[in-house]
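Trainee: For reference, the structure I am asking about is given below.
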Amino acid sequence: MADRPEVLVVTGAGGMGSAVARRLGSGRTVLVADASLAQLDRLVDALCSEGYAAQGVVTDVSDRKSVEKLAETASGEGRLAAVVHTAGVSAATASAQKIFEVDMVGTVHVIDAFEEVAAPGTSLVCVSSMAGHMASLSREEEAVLATAPAEELMGLDAVAAVGDNAIGAYILSKRANHVRAEAAALAWNRRGARINTLSPGVISTAMSRAEAESDTGAHMLRMLDACGAGRMGTTGEIADAAAFLAGPESRYITGTDLLVDGGQAAWIRRHRPAH
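The sequence shown lines up with residues 1 to 275 when you count with full-length UniProt numbering.
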């Protein structure tokens, strides 16, 4: 009996998702998931024309049943090697409510649904953000974010305190990604699987370009110069980091976050002038 094929799941058909699919998809069945059928079709068509065995699954990560269907589909295709969750929205393009639904609750749906089908060797990489390292939360607030059922997250005091502040919602959601992966690592370990988060800084994507054109964009770009990086990161660099966390070189790494930000968070913590 032939071995079951390896399956790679990539949520999000944007710049990071497409780079990850190409970096990790060779020789595997690639399932790409996105809420936009048009964007999904464009990426799947491109991947197939390049020789990848790719197929699309329309998925709204903010809908638990939609994510559970994706996990079930992936499990049925073969041995689940890796899941890289890049789907998300930003403060420049979405409301606080939408950010919480997609970036925070949606990530919990992915963690929960794929835990049920994870096999020995499966690696889940959730793309978070450097912004998560900027959150100021108490230990108690983080503990609740890490463990509350998905359906209760929108009712938390920390969420209510953000109100309509989209930037605040983004920061809180991305910190929630970090602590959620930490808390989930035990259950994933018991399945012989791993879970980590990956926190990009400013990466050259359509989303980051929209942010650069927003009110906070000039400040963001000045910080890149101040921290010494002098440039945005590339989607290829994020794909390389995801490949490391999804691959055998990191088999003893789980429940943690990898910052890929050109040193921006370190500069903010240690060198940014006090106001």
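Beta carbons are placed, not taken as given, at the ideal position from N, Cα and C, and that holds for glycine.
1) Check for me: the alpha helix (DSSP H) holding residue 191 runs from which residue to which?
2) Buried or exposed, going by whether 16 or more other CB atoms sit within 10 Å of the CB of residue 51?
3) Do you know whose CA, among 10, 78, 177, lies nearest residue 57's CA?
4) Select from 97, 81, 153, 242 the residue whose C-alpha is nearest the C-alpha of residue 350.
5) Please report the straight-line C-alpha distance between residue 261 and residue 244, rounded to a whole angstrom.
6) Give the straight-line distance between the Cα atoms of residue 271 and residue 70, rounded to the nearest whole angstrom.
7) Can you give me the Cβ contacts of residue 158 inside the same chain, cut-off strictly under 8 Å, excluding the 5 residues immediately before and after it?
8) Return the first residue and the last residue of the alpha helix (DSSP H) that residue 243 is part of.
9) Go to residue 45, then tell me how far its alpha helix (DSSP H) extends in each direction, as first and last residue.
10) Since residue 174 and residue 103 are thought to touch, with beta carbons under 8 Å apart, how far apart are those beta carbons, to the nearest angstrom?
11) Can you tell me which of 204, 131, 124 puts its alpha carbon nearest to the alpha carbon of residue 80?
12) What are the boundary residues of the beta strand (DSSP E) that includes residue 56?
13) List the DSSP bridge partners of residue 197.
14) In angstroms, rounded to a whole number, what distance separates the CA positions of residue 131 and residue 13?
15) Using a Cβ-Cβ cutoff of less than 7 Å, which residues in the same chain neighbour residue 182 once the five nearest sequence positions on both sides are dropped?
Mentor: Here's the rundown:
1) Counting along the chain, no alpha helix (DSSP H) covers residue 191, and no H or E run does either.
2) With a threshold of 16 other beta carbon atoms within 10 Å, residue 51 falls short and is exposed.
3) Among 10, 78, 177, the Cα nearest to that of residue 57 is on 10.
4) Any answer about residue 350 is impossible in this case: the structure gives the chain only from 1 up to 275.
5) Between residue 261 and residue 244, the C-alpha separation is close to 16 Å.
6) Going by the C-alpha atoms only, they are around 44 Å apart.
7) A distance below 8 Å between beta-carbons, with the five flanking residues on each side excluded, links residue 158 to the following residues of its chain, in chain order: 137, 141, 144, 145, 172.
8) Per DSSP, residue 243 belongs to the alpha helix (DSSP H) from 235-246.
9) Looking at the DSSP string, the run of the alpha helix (DSSP H) that includes residue 45 is 37-49.
10) At roughly 7 Å, the Cβ-Cβ gap stays under 8 Å, so residue 174 and residue 103 are in contact.
11) Comparing Cα-Cα distances from residue 80 to each of 204, 131, 124, the minimum goes to 124.
12) DSSP places residue 56 in the uninterrupted beta strand (DSSP E) bounded by 53-58.
13) For residue 197, which the question treats as bridged, DSSP gives the partners 126, 257.
14) So the alpha carbons of these two residues sit roughly 22 Å apart.
15) For residue 182, where only same-chain residues beyond five positions count, the Cβ hits under 7 Å are 146, 255.
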